[in-house]
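Read through the structure below, which is laid out as structure tokens, and then see the notes.
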């Protein structure tokens, strides 16, 4: 190739990296929330109660509200615990995750564990299948409530309670939906670079989320349950990350937050009450499906609305070890 052709190719490669990395930095700068003050007495109380949390009573109480065949990690140092919010009927999707990105048990020498959170199935036949699947894979956390659109916030709270109780040494917890691709290596690399190890609540931040006031809607939030015009900043529910201390603070704060609000907003309200700020990263796609590009998928943390065949293809191509650097 001639010199000007090489220059053209190099320019386009540089432009791609500038758009990919530069846009991420700019978006994080403009969307990053201002830090909260810890002078609020209620926030200080929640943080102190979370710090002194006694896990023994939690284990007794949780045994009545959920069942689990998942391998507990009370005595394990888990670097990244991934909890996938799943529906009882969707075993096919769980199996695809187990065979793709959820197959990772470690990254750079640090342990990774993927579990699935579900409620009870409405159909007895489906519940039997869930019981068999749970015994086979030992990776299912199951609530005592019927899994439905109205119990998704209850499922979120259950998964936080289970994490705090049975995985207290998990350093980071990623909550994600079942249609999401997770770039485990990319996320782990980012987490290893962090210098601040507490108060981490990270995802695609939603500003001025509006409660659903339509009484005919399944997501209806009555004013008497949540009277505010907007939700506080919260991380989009497709995928967000918490440090272990944040999970404990969310658990403590949750006692005074209504379950009528959506799961992601529920976590955001709990976080705000504990003096925790939602931090934005555009490497979380939110509800967006990112068009596939191998180097892009090696950089981002998540992409949503993924088909099962896409999960297989994208995981295979991003796990081949091929470098994307210049």
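Numbering (the numbering used here), first residue to last: 156 to 481.
Using N, Cα and C, we set each Cβ at its ideal position, and we do this for glycine too.
Using a 10 Å radius around the Cβ and a threshold of 16 neighbouring Cβ atoms, would you call residue i buried or exposed?
i: residue 404; result: buried
i: residue 396; result: buried
i: residue 427; result: buried
i: residue 454; result: buried
i: residue 197; result: exposed
i: residue 372; result: exposed
i: residue 409; result: buried
i: residue 385; result: exposed
i: residue 473; result: buried
i: residue 247; result: exposed
i: residue 449; result: exposed
i: residue 279; result: exposed
i: residue 380; result: exposed
i: residue 260; result: exposed
i: residue 209; result: exposed
i: residue 400; result: buried
i: residue 462; result: exposed
i: residue 370; result: exposed
i: residue 309; result: buried
i: residue 342; result: buried
i: residue 419; result: buried
i: residue 299; result: exposed
i: residue 417; result: buried
i: residue 229; result: exposed
i: residue 307; result: buried
Closest to residue i by C-alpha separation, out of the options, would be which residue?
i: residue 413; options: 383, 323, 207; result: 383
i: residue 351; options: 299, 398, 230; result: 398
i: residue 236; options: 393, 449, 257; result: 257
i: residue 402; options: 373, 260, 355, 386; result: 355
i: residue 244; options: 228, 208, 281, 334; result: 281
i: residue 460; options: 353, 337, 210; result: 337
i: residue 264; options: 234, 323, 315, 195; result: 234
i: residue 311; options: 331, 327, 214, 325; result: 331
i: residue 214; options: 322, 445, 434; result: 322
i: residue 357; options: 307, 266, 456, 285; result: 456
i: residue 326; options: 266, 205, 290, 452; result: 266
i: residue 204; options: 434, 429, 328, 433; result: 429
Tell me whether residue i, by its Cβ, gets closer than 7 Å to a heavy atom of the ligand COA.
i: residue 228; result: Summarising the ligand content, the structure contains no ligands, and the ligand COA is consequently not present.
Going by DSSP, name the residue or residues bridged to residue i.
i: residue 397; result: 328, 356
i: residue 336; result: 458
i: residue 434; result: 357
i: residue 390; result: 360
i: residue 261; result: 266
If you reduce the DSSP assignment to three classes, tell me which class residue i lands in.
i: residue 213; result: helix
i: residue 343; result: helix
i: residue 175; result: At residue 175, the pLDDT of 49 sits below 50, so the modelled position is not reliable; the number obtained from the coordinates is stated separately. Here residue 175 sits in helix by DSSP.
i: residue 450; result: helix
i: residue 272; result: strand
i: residue 235; result: strand
i: residue 266; result: strand
i: residue 240; result: strand
i: residue 292; result: helix
i: residue 228; result: coil
i: residue 465; result: helix
i: residue 402; result: helix
i: residue 369; result: coil
i: residue 286; result: helix
i: residue 350; result: coil
i: residue 207; result: coil
i: residue 474; result: coil
i: residue 479; result: coil
i: residue 411; result: helix
i: residue 250; result: helix
i: residue 380; result: coil
Can you find a CB in chain C that lies within less than 8 Å of the CB of residue i?
i: residue 364; result: The displayed structure is made up of one protein chain only, and chain C is not part of it.
* Would you be able to state if there are at least three C-beta pairs under 8 Å between the region 339–351 and the region 422–433? => With a cut-off of 8 Å on Cβ pairs, the region 422–433 is not in contact with the region 339–351, counting fewer than three such pairs.
* Does the region 385–401 come close enough to the region 437–457 that 3 or more CB-CB pairs lie under 8 Å? -> yes
* Stretch-stretch touch, CB-based, cutoff 8 Å, three pairs: the region 247–255 with the region 458–467 -> yes
* Asked: Should the region 471–479 be regarded as contacting the region 359–370, the criterion being three or more beta carbon pairs within less than 8 Å?
  -> no
* Would you call the region 264–281 and the region 366–386 in contact, with 3 or more CB pairs under 8 Å? -> no
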